[in-house]
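Participant:
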Amino acid sequence: MTPRKIHSIRRYPDKSNGKPPLLFIHGGYVHAGCWDIHFLPYFAAQGYDCHAIDLSGHGLSEGHDCLDCFGLADYIEDAANAVGSLKQKPIIIGHSMGASIVEGLLPDVPVEAAILLSPVPTIGTLGALMRLSSRYPRFLVEISRISRLQISEDNLLLMRNVYFSPQMLPQDLLAFAHLIQEESQRAVLDLLMLACRFQPVRPKLPVLVMGGELDLLFPPSLLPFMARRWQAEMQVIPATGHVVMLDVQWEDAANRMLAWLEKQGY
Numbered sequence: 553m554t555p556r557k558i559h560s561i562r563r564y565p566d567k568s569n570g571k572p573p574l575l576f577i578h579g580g581y582v583h584a585g586c587w588d589i590h591f592l593p594y595f596a597a598q599g600y601d602c603h604a605i606d607l608s609g610h611g612l613s614e615g616h617d618c619l620d621c622f623g624l625a626d627y628i629e630d631a632a633n634a635v636g637s638l639k640q641k642p643i644i645i646g647h648s649m650g651a652s653i654v655e656g657l658l659p660d661v662p663v664e665a666a667i668l669l670s671p672v673p674t675i676g677t678l679g680a681l682m683r684l685s686s687r688y689p690r691f692l693v694e695i696s697r698i699s700r701l702q703i704s705e706d707n708l709l710l711m712r713n714v715y716f717s718p719q720m721l722p723q724d725l726l727a728f729a730h731l732i733q734e735e736s737q738r739a740v741l742d743l744l745m746l747a748c749r750f751q752p753v754r755p756k757l758p759v760l761v762m763g764g765e766l767d768l769l770f771p772p773s774l775l776p777f778m779a780r781r782w783q784a785e786m787q788v789i790p791a792t793g794h795v796v797m798l799d800v801q802w803e804d805a806a807n808r809m810l811a812w813l814e815k816q817g818y
């Protein structure tokens, strides 16, 4: 596939701590701006150079005219190229689909450490979609409408119930509407079949697996399987939903990540 121009958001500290840069990989149906609400300013204030990329067909990156052409392999290539553009090996952080992208590049791309936030389960997304569709019969329809910015009171409530904690008011999600976009159906299919397709060779490096206590999409009961895969430390953030970087308790998540980084010497 022809190389694509990939946009990135960069936030630098007033005074660098000399530690590895942080590279953030967003999940599905959003772009890199999801990191820039809270996490990029937070970690830049702690002395880290922070970078967040828009995957192909997302945000300000090229490829919107061919979004459904892109699969996980293309997104992994985007992330690998971003790692290669940095002067130091980064600590790479992925959320949801972004965590799967991080998993996909780790066997071949040297990084210092990795943090997997609300990761796609080792068995893929099929079980999660079946469970949510049973509980919320209009889940797939309404998520499709939201991704096209057809926003209503009903789908805001559904979005809150599935992706956020109860403390988040549905109307407050309107502040995040500019972050939402359609996702590649090829990538969605890749995630459904992840258990069949994805058996990475696992290099030894520090890995943190973290998810929200109230995550309805990928419940915390699934986190130990991911932690076992990577021989990783696992943490569950109390009273938090799936979108840990935007939920009401985002600072608790960021503080835990920072404490883990410092414990690793970063």
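Numbering (our numbering), first residue to last: 553 to 818.
Each residue gets a CB set at the ideal place from its N, CA and C atoms; glycine is no exception.
These figures come from a predicted structure and were not determined experimentally.
To the nearest angstrom, how far is the alpha carbon of Y564 from that of D601?
Facilitator: 5 Å
Participant: Please go through the stretch 698-769 and give each complete beta strand (DSSP E) segment of 3 or more residues, from N-terminal end onward.
Facilitator: 759-764
Participant: Express the C-alpha separation of I695 and M745 in angstroms, rounding to a whole number.
Facilitator: Between the alpha carbons of M745 and I695 lies a distance of about 20 Å.
Participant: Is the separation between the beta-carbon of I558 and that of Y818 shorter than 8 Å?
Facilitator: no
Participant: State the Cα-Cα distance for the pair L774 and A784, rounded to the nearest angstrom.
Facilitator: Cα to Cα, L774 sits roughly 14 Å from A784.
Participant: Between the alpha carbons of K815 and R808, how many angstroms are there, rounded?
Facilitator: 11 Å
Participant: Under 8 Å by Cβ, that's how I've got L757 and I732 pegged, so tell me the actual separation to the nearest angstrom.
Facilitator: About 32 Å; that fails the 8 Å criterion.
Participant: At 4 residues or longer, what runs of the alpha helix (DSSP H) sit wholly inside the stretch 558-607?
Facilitator: List check, alpha helix (DSSP H) in window: 585-588, 591-597.
Participant: Hey, would you say S608 sits closer than 8 Å to F770, going by beta carbons?
Facilitator: no
Participant: Between V800 and M720, which are expected to be in contact by the criterion C-beta below 8 Å, what is the C-beta distance as a whole number of angstroms?
Facilitator: Yes, they are in contact, since the Cβ atoms of V800 and M720 sit about 5 Å apart, within 8 Å.
Participant: Here's a check: name, in chain order, each residue in its chain whose Cβ is nearer than 8 Å to the Cβ of Q598, leaving out the five neighbours to either side.
Facilitator: P565, N569, L810
Participant: Starting from A665 and walking both ways along the beta strand (DSSP E), at which residues does that stretch end?
Facilitator: 665-669
Participant: Have a look at W587 and S704 and give me their C-alpha separation to the nearest angstrom.
Facilitator: 25 Å
Participant: Round the Cβ separation of P718 and L638 to the nearest angstrom and send it over; I've been treating them as touching at under 8 Å.
Facilitator: No, P718 and L638 are not in contact; Cβ-Cβ is about 39 Å, not under 8 Å.
Participant: Using CA coordinates, which residue listed in Y688, D630, A805 is at the minimum distance from A604?
Facilitator: D630
Participant: So the beta strand (DSSP E) E614 belongs to, where does it begin and stop?
Facilitator: First-last for E614: undefined, no H or E at that position.
Participant: What are the residues that DSSP puts in a beta bridge with E785?
Facilitator: L760
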